[in-house]
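With my numbering, letter number 50 in the sequence shown gets 176, and the count goes up by one each step, no holes.
Each residue gets a CB set at the ideal place from its N, CA and C atoms; glycine is no exception.
Keep in mind the model is a prediction, meaning the values are calculated, not measured.
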Amino acid sequence: MEKQTVARRLILLVKIVWTVSIVMTATAVGACYGWERHGIVGALALGFVGLVAGGFLSSPSILLEVLAGLT
Numbered sequence: 127m128e129k130q131t132v133a134r135r136l137i138l139l140v141k142i143v144w145t146v147s148i149v150m151t152a153t154a155v156g157a158c159y160g161w162e163r164h165g166i167v168g169a170l171a172l173g174f175v176g177l178v179a180g181g182f183l184s185s186p187s188i189l190l191e192v193l194a195g196l197t
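Have a look at this one:
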């Protein structure tokens, strides 16, 4: 088994940070919107929707496709 180089570890770290930040942001936005519109039940439901959407959007290629489709 090959040893991981510093570059590979750095790339892995960036991927992990990217994924966690996108998922957390999408979940927080969903929960905040749900709380403002529908209370605690809406916060839970839309927070879960944000979690799932963040999972899909954590891939940079999918995120760019979605952004390109909005224009």
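Contact under 8 Å by Cβ, residue i with residue j
| i | j | result |
| --- | --- | --- |
| residue 176 | residue 169 | no |
| residue 148 | residue 184 | yes |
| residue 152 | residue 172 | no |
Contact test: residue i Cβ vs the ligand HEM heavy atom, cutoff 7 Å
| i | result |
| --- | --- |
| residue 189 | The ligand HEM is absent from the structure shown, which contains no ligand whatsoever. |
Neighbourhood of residue i by C-beta, 7 Å cutoff - its chain only, sequence neighbours within 5 removed
| i | result |
| --- | --- |
| residue 155 | 176 |
Best match in the options for proximity to residue i [C-alpha to C-alpha]
| i | options | result |
| --- | --- | --- |
| residue 178 | 134, 145, 194 and 162 | 145 |
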